[in-house]
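Notes to accompany the following structure.
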Amino acid sequence: MRHLVPLVTVASWLVSGAAQAQRPTTLAGRSTVYAPRGMVATSQPLASAAGLEVLRTGGNAVDAAVAAAAVLGVTEPHMTGIGGDMFAIVWLAKQQKLVAINASGRAGSRMLRDTLAARGFRSGSQQGAMSVTVPGALAGWDLLLRTHGRRTLKQVLQPAIAYARDGFPVSPIIAAQWANETDFLRRDSAAAATYLPGGRAPKAGEWFTNRDLARTMQTIADSGIGVFYGGALGRRLVQHLQARGGFLTLDDLRRNTPTWVTPMSVPFRGYRVWELPPSNQGIAALEMLRILEPYDLAAMGHNSPAYLHHLIEAKKLAYADLDRFVGDADHLDMPAEEMLTDVFITARRALLDPARAKERVDPGPLRTKSETVYLSVADAEGNMVSFINSVYDYFGSGLVVPGTGFALHNRGAGFTLTPGRPNTVAPGKRPFHTLIPGFVTRTVNGRDEAYMSFGLMGGGVQAQGHVQFLLNHFVFGLDLQAAIDAPRFRHYDGYRVALEAPITDGVRTALQGMGHVLFEQPPIAFGGAQAIVRLPKGWGAGSDPRKDGMAVGY
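Take 202 as the starting number for the sequence shown in our numbering and just add one per residue.
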């Protein structure tokens, strides 16, 4: 039985004329891209082109995804690179199944809670040497290629090496974000030397080269990832960090291994939505979908006050559970699956007040069993890759080992110092991760088949952004690009919510009347999405106008 819309709220909204748009109704006028054989959607055009070239010359979706990710580390360096972590969900067409990888690194063996507390560690925002955990992305790329690709790592790194060595013109949104980090980059001499040529960030259309990064990637291409995980490059990294109070050792790098994981899923409107299990926040998107399932969301109206209120309140419940129950999969005190059970979800849903915002919600009861880049690729054989790679904050830790050309991530900021939690910092532990690739399957003639690979980058907005995108598509019938373009909310904490510009003034007034406190945020705060959908013949794809990227196919 569907939960009904609170009529008073909707009636007052309609009578007041609030349903009439007072702002631009969309963010862009892009069309969904259609292609017959293969598709690549990334946040930067050169990366999309590199992935497409791999597909056109015989590589598969895995090869193209890694090639595109490597180029993004050159062209969008504040978001991603070999100094970060990655996750992926892959649909293997021949086997007709999903596989998934967690290639996030672990805390250094010297990363102790008491040490961090004594040094004033700031959970959620720490940068500098204290925040650096093992970068896992490179090992993940290598494992994906060796297991499911056709090309070697050396081959797929070549486009990125060429752009780093020979240069490229910087794209506009990236240039603006890069410039905003000028003061931060100046804190580290090697970061400034790498990313502020001539003392400033490159402007849109200006040529940028990173020959240090080209040499680093060529060394990895020639010698293999061992040079990073315990070899000469790893030694330089460790020595630099230890001199600045970091916690990694060479053995920490040598011990790093990605993990094959089993994706989690929930049914939704005739489809099945898949996310990765902890240590990342994908389960929050699944919990939100389960909480919202009984409500007649279509009757509420797209981005109406009632609709947005229900989504915001569901987000608060799911994220409270994230904070309490999610961390390294080896250290959970409640099985992640319990957060999706009928008993748990029903209890959480009962706390959702349809007419009034809550400032704070507690996590559900403990039960036991008795900034970032996202890209998507699909190939002519039907393989699909949902792939995400990140250095966490803009330029991560802000540290560049001199001569290497890449920033080290600050993923250690994802730990908490609160004792006794799955995500309490400890040596060898994986921190809580915001990175979540998504996937959707459907059952046809009794057999699961791939439908869509999708993702939305942007830290804490990711799970709530996944849900908004999915509802746009599945509940309101928007095509792929329109579902990406539609204006979003982002809830931060307490009553504080940011809304994108096209959401009407009337809706804003109604939400304020329900207790929400609204404030302004720039477009990038609402994340950047990419998605590819499988058609009866061929592919459709969308790329977010909030980023510089594009979807391309052949």
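C-beta: ideal position from N, C-alpha, C; glycine also.
Three or more C-beta pairs below 8 Å linking the segment 422 to 434 and the segment 337 to 344
yes
Distance between beta carbons of N261 and E582, contact taken as under 8 Å
7 Å
How long is the line joining the alpha carbons of P237 and A270, rounded to whole angstroms?
23 Å
I need the DSSP call for F616, collapsed to helix, strand or coil.
coil
Pick out the complete beta strand (DSSP E) segments inside the segment 538 to 588, 3 residues or longer, and give them in chain order.
Correct list: 574 to 579.
What does W379 pair with, by DSSP beta-bridge criteria?
Per DSSP, none; premise fails for W379.
Comparing C-alpha positions only, which one of V626, L719 and Q419 sits nearest to V333?
V626
Beta-carbon separation (whole angstroms), M769 vs A558, contact threshold 8 Å:
No answer is possible for residue 769: it lies beyond the span of the chain, which begins at 202 and ends at 755.
Rounding to the nearest angstrom, what Cα-Cα distance links M535 and I546 in this structure?
15 Å
Using a Cβ-Cβ cut-off of 6 Å (strictly less than) and excluding sequence neighbours within five positions of F677, which residues of its own chain qualify?
H503
Fully enclosed by the segment 659 to 707, which beta strand (DSSP E) runs are 3 residues long or longer?
690 to 692 and 697 to 700
The beta strand (DSSP E) enclosing A308, as first and last residue numbers:
A308 -> no beta strand (DSSP E), and no H or E assigned at all.
Does T276 come out as helix, strand or coil in the three-state DSSP assignment?
helix
Taking the DSSP output, what are the residues bridged to S654?
Beta-bridge pairing links S654 to F640 and I733.
Count the CB pairs spanning the segment 409 to 423 and the segment 307 to 324 that are closer than 8 Å, and state whether there are at least three.
no
What residue does the beta strand (DSSP E) around P468 start on, and which one ends it?
It spans M465 to F469 - the beta strand (DSSP E) in which P468 sits, taken as one unbroken run.
Identity of the residue in G606, T710 and L636 nearest L397 by Cα:
G606
Can you name, in chain order, every residue of its own chain whose Cβ lies under 7 Å from the Cβ of A251, other than the five neighbours on each side?
Excluding residues up to 5 positions away in sequence, A268, A269, V272 and P360 lie with their Cβ nearer than 7 Å to the Cβ of A251 in the same chain.
With DSSP collapsed to three states, give me the class of D315.
helix
Taking only three categories from DSSP, how would you classify Y593?
coil
With D413 as the anchor, note down where its alpha helix (DSSP H) starts and where it stops.
R412 to S424
Can you give me the Cβ contacts of M465 inside the same chain, cut-off strictly under 8 Å, excluding the 5 residues immediately before and after it?
W475, E476, L477, P478, G483, I484, L487, A537, E538 and L541
To which residues of the same chain is Q378 closer than 7 Å at the C-beta, ignoring the five residues directly before and after it?
These residues qualify, in order along the chain: H279, Y595 and I725.
When DSSP builds the beta bridges, which residues end up paired with T625?
T617
Going residue by residue through the segment 472 to 513, where are the continuous beta strand (DSSP E) segments of at least 3 residues, counting only ones entirely within it?
Counting only runs of 3 or more, we get 472 to 476.
Take A433 as the anchor and find which of T635, R455, A444 and G447 has the nearest alpha-carbon.
Closest by C-alpha distance to A433, out of T635, R455, A444 and G447, is R455.
By Cβ distance, which residues of its chain are closer than 6 Å to R351, with the 5 residues on each side in sequence left out?
G260, N261 and D264
Would you tell me roughly how many angstroms separate the C-alpha atoms of Q223 and D706, rounded to the nearest one?
Any answer about Q223 is weak, because its pLDDT of 47 lies below 50 and its placement is not dependable; what the coordinates show is given next. Answer to the nearest angstrom: the Cα atoms are 6 Å apart.
Which whole-angstrom value describes the C-beta separation of I290 and L345, a residue pair presumed to lie in contact below a C-beta threshold of 8 Å?
No, I290 and L345 are not in contact; Cβ-Cβ is about 11 Å, not under 8 Å.
Suppose the cutoff is 6 Å on Cβ atoms and the five residues either side in sequence are ignored; what does the same chain contact list for T460 look like?
Non-local beta-carbon contacts of T460 in its own chain, meaning distances under 6 Å to residues more than five positions away in sequence, involve N303 in chain order.
I'd like to know whether the C-beta atoms of A702 and F690 end up nearer to each other than 8 Å.
no
For I725, verify whether its CB is less than 7 Å away from any heavy atom of the ligand GDP.
Within the structure as shown, the ligand GDP is missing, as the structure has no ligands at all.
Proximity winner among S249, V234, V708 and R735, relative to S505 (alpha-carbon distances):
V708
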